[in-house]
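Chemist: Residues in the sequence shown are numbered consecutively from 1, following UniProt numbering.
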Amino acid sequence: MAQQASRQADEHASGQGLTRISDQENPYPVPEKYPEYQPKNDTTKGQRKLSVYTAIDALFIIVTLALTAWYLALMILNGFNMETKSLIWVIWWFLVLAYLSLPRMHQLFTFVYVPDYFVARARTSDGLLGDPVNIALHGSEEDIHAVLLAAGWTKADKITLRSSWKIAVSSVFRKSYPAAPVSPLVIFKRSQAFAYQQEDSGSASKRHHVRLWRTPDDWALPGGEKVAWMAGATYDRGVGLSSFTGQITHKIDEDTDAERDYLIGTLQYVDPKITVKVLPDFSSPYICHNGGGDKIVTDGDLPIVDVTGAAERLADVPKVRDGVQARKEEEEASRKRDKELPPAEMNIVGALTAIVAIFTAWRSGTQLASIGWVTGSLKQTWVLYGHFVGSLAALLLLVLTFMRIRWARVLLMVTITLISIGDLLAAATSEHHVASNLFMVAVALVLVMSISSESSRRWVSGGREDKVVSYNLRHPNRGLSVE
Numbered sequence: 001m002a003q004q005a006s007r008q009a010d011e012h013a014s015g016q017g018l019t020r021i022s023d024q025e026n027p028y029p030v031p032e033k034y035p036e037y038q039p040k041n042d043t044t045k046g047q048r049k050l051s052v053y054t055a056i057d058a059l060f061i062i063v064t065l066a067l068t069a070w071y072l073a074l075m076i077l078n079g080f081n082m083e084t085k086s087l088i089w090v091i092w093w094f095l096v097l098a099y100l101s102l103p104r105m106h107q108l109f110t111f112v113y114v115p116d117y118f119v120a121r122a123r124t125s126d127g128l129l130g131d132p133v134n135i136a137l138h139g140s141e142e143d144i145h146a147v148l149l150a151a152g153w154t155k156a157d158k159i160t161l162r163s164s165w166k167i168a169v170s171s172v173f174r175k176s177y178p179a180a181p182v183s184p185l186v187i188f189k190r191s192q193a194f195a196y197q198q199e200d201s202g203s204a205s206k207r208h209h210v211r212l213w214r215t216p217d218d219w220a221l222p223g224g225e226k227v228a229w230m231a232g233a234t235y236d237r238g239v240g241l242s243s244f245t246g247q248i249t250h251k252i253d254e255d256t257d258a259e260r261d262y263l264i265g266t267l268q269y270v271d272p273k274i275t276v277k278v279l280p281d282f283s284s285p286y287i288c289h290n291g292g293g294d295k296i297v298t299d300g301d302l303p304i305v306d307v308t309g310a311a312e313r314l315a316d317v318p319k320v321r322d323g324v325q326a327r328k329e330e331e332e333a334s335r336k337r338d339k340e341l342p343p344a345e346m347n348i349v350g351a352l353t354a355i356v357a358i359f360t361a362w363r364s365g366t367q368l369a370s371i372g373w374v375t376g377s378l379k380q381t382w383v384l385y386g387h388f389v390g391s392l393a394a395l396l397l398l399v400l401t402f403m404r405i406r407w408a409r410v411l412l413m414v415t416i417t418l419i420s421i422g423d424l425l426a427a428a429t430s431e432h433h434v435a436s437n438l439f440m441v442a443v444a445l446v447l448v449m450s451i452s453s454e455s456s457r458r459w460v461s462g463g464r465e466d467k468v469v470s471y472n473l474r475h476p477n478r479g480l481s482v483e
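(1) Do you know how far the Cα of G139 is from the Cα of V278?
(2) Reducing DSSP to helix, strand and coil, say where I416 ends up.
(3) List the residues that DSSP assigns as beta-bridge partners of W213.
(4) By DSSP's criteria, G240 is part of a beta bridge. Which residues make up the other side?
(5) Given A393, which residues of its chain have a CB within under 6 Å of its CB, disregarding the five upstream and five downstream residues?
(6) Among S456, L108 and S283, which one has its Cα closest to the Cα of D301?
(7) By the three-class DSSP mapping on this structure, what secondary structure does V297 have?
(8) Is A310 close to the ligand GTP? I mean its beta-carbon at under 7 Å from any heavy atom of the ligand.
(9) What distance in whole Å lies between the Cβ atoms of V239 and I248, which are believed to be in contact at a cut-off of 8 Å?
(10) Assuming contact is defined by CB atoms lying nearer than 8 Å, are A444 and L398 in contact in what I supplied?
(11) If you draw a straight line from the C-alpha of Y117 to the C-alpha of F188, how long is it?
(12) For the beta strand (DSSP E) holding A122, just list the boundary residues, first then last.
(13) Within a Cβ cutoff of 7 Å, which residues of the same chain sit near residue 514, ignoring the five residues on either side of it in sequence?
(14) Could you say which of Y177, P115 and V52 lies nearest to K166 if we only look at CA atoms?
(15) Decide if M403 is buried, meaning its Cβ has at least 16 other Cβ atoms within 10 Å, or exposed.
(16) Return the CA-CA distance between R20 and P29, expressed in angstroms with no decimal places.
(17) Below 8 Å, how does it come out for the segment 138-154 and the segment 250-270: are there three or more Cβ pairs, yes or no?
(18) On a CA-only basis, which of E312, S201, I56 and L424 is nearest R406? Give me that one, please.
(19) Tell me whether E340 sits in a helix, a strand or coil according to DSSP, three-state version.
(20) Out of curiosity, what's the CA-to-CA distance linking Y113 and R190?
(21) W382: which of L396, L395 and G365 sits nearest, CA to CA?
(22) In angstroms, rounded to a whole number, what distance separates the CA positions of P27 and T160?
(23) Could you check what DSSP says for K155 in three-state terms: helix, strand or coil?
(24) What do you get for S456, buried or exposed, if any count of 16 or more other CB atoms within 10 angstroms of its CB means buried?
(25) When the Cα of K155 is compared with those of V446, A195, I274 and R162, which residue comes out closest?
(26) Within 10 Å of its beta-carbon, does E225 have 16 or more other beta-carbons around it, so buried, or fewer, so exposed?
(27) Report yes if the CB atom of L221 is closer than 8 Å to the CB atom of A136, and no otherwise.
(28) If you reduce the DSSP assignment to three classes, tell me which class K277 lands in.
(29) Out of curiosity, what's the CA-to-CA distance linking residue 503 and V317?
(30) How many angstroms separate the CA atom of L438 from the CA atom of F388?
(31) So, with DSSP's three-state summary, where would you put G202?
(32) Rounded to the nearest angstrom, how far is the Cβ of A180 from that of D157, given a contact under 8 Å?
(33) Looking only at C-alpha atoms, which of W219, I304 and L185 sits nearest to D261?
(34) Please look up how many angstroms separate the CB atoms of H145 and G323, rounded, as I've assumed it's under 8 Å.
(35) Identify, in the order they occur along the chain, each residue of the same chain with its Cβ nearer than 6 Å to the Cβ of L400, setting aside the five sequence neighbours on each side.
(36) Closest to D236 by CA distance: which of D255, M230 and G223 is it?
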């Protein structure tokens, strides 16, 4: 890893027009006088770049976190005054905190202090360091699918509403779900390409599983060896609550080396021609915790597994033959869905936005009709008119967003944010409709968080390139620059 870091530093230095100290004939001559501190006044050094729309989304995350804090405070204040409803408010408060506020706080803070280069650890969607990356592989995707299927592993489903419901039911009622999805983890700035698993004792709460990522072009391990895939194998010992967010999640066994060795053994058993060599001390042996707070223990060694040719050698195995055909059908169906439909997250956003907008327009119109569209108090009438017009605007912007117009997505976030601020003000200043106002605020905040997500932004962008914003971390006074 040290050699790879050095190579990355070489690339950075050459890109910035700098000379590395190690390239100089005598990098540290004895000074003739007491040295002076002389930092390099390089305006590009320390810059962090992100697209314009990514920067806008980050701004909305900050605003929404502030609104969420306001919302949680109102929930606490109103919850203690609602007698029998207090328990419901406490549960609702926990859900908002665990699934809305804390994850986005982690995402915002870890963007700054967690490195985005490869450190032999995956990252969670919230930006926290996750499970170890403990296996490297040579071979094609077909080879990997073939040997895993032959070894009795099952390809995990993608995370959808249906698969999430199925894994919840299987965990509660201890029913088998061999293709239960695994949570996305990120290395190389992308989630795993696919994952495989084995149930333990027919329960989805206990399982062996491995995530696999294709490595970037020209990327190499320490020592210079290039591999096609990196993988992270861990064993889920049960279901519990995340130590950092309180979300329901799988808890992994601390001995990640045992799962790594188990996976390799299953592959060698069905294909003895698979070869394995080990990079000792790929990382320092450590005891740490993953993004869910689970303890991790590893010796730091990295096995490199060569499965090249496994697809051909195992072509006649029934599991492989059936699995390859099923995968082709799944990929074809997925390509058709991708052409016809936006991501599932955007579909949920669309449905909830329509519900919020229609409900808000109906409620505002009803209240305006009851007090008179003109005869009501100026303040009350102005607020209701704002909600009514804002709801209709949200519906229009929703349609434009699904037409992949990028500025419409931004204006939709602005509109929903303004509606949520209006509902928060109403809940804070009025004793009427407090519950309905707070509920609509929660839905609106979830919408803004979802619309500002990376998957939503990428789908709306449709592959179009964005302008890039650069922010100099070493010289904040130089502000932002747009390229």
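For glycine and all other residues, C-beta sits at the position ideal for the given N, C-alpha and C.
Modeler: To lay it out plainly:
(1) 17 Å
(2) helix
(3) M230
(4) T249
(5) T415
(6) S283
(7) strand
(8) The ligand content of the structure shown is nil, which means the ligand GTP is not present either.
(9) 7 Å
(10) no
(11) 7 Å
(12) R121 to R123
(13) Residue 514 lies beyond the residue range present for the chain, which begins at 1 and ends at 483; the question has no answer from this structure.
(14) Y177
(15) exposed
(16) Confidence at R20 is low in this model, with a pLDDT of 46, below 50, so its placement is unreliable and the value that follows should be read with caution. The straight-line gap from Cα to Cα measures roughly 15 Å.
(17) yes
(18) I56
(19) Annotation note: pLDDT 46 at E340 (below 50); position unreliable, no value reported.
(20) 18 Å
(21) G365
(22) 56 Å
(23) strand
(24) buried
(25) A195
(26) exposed
(27) yes
(28) strand
(29) As displayed, the chain neither begins before 1 nor continues past 483, which places residue 503 out of reach and without an answer.
(30) 18 Å
(31) coil
(32) 7 Å
(33) I304
(34) 7 Å
(35) A408
(36) D255
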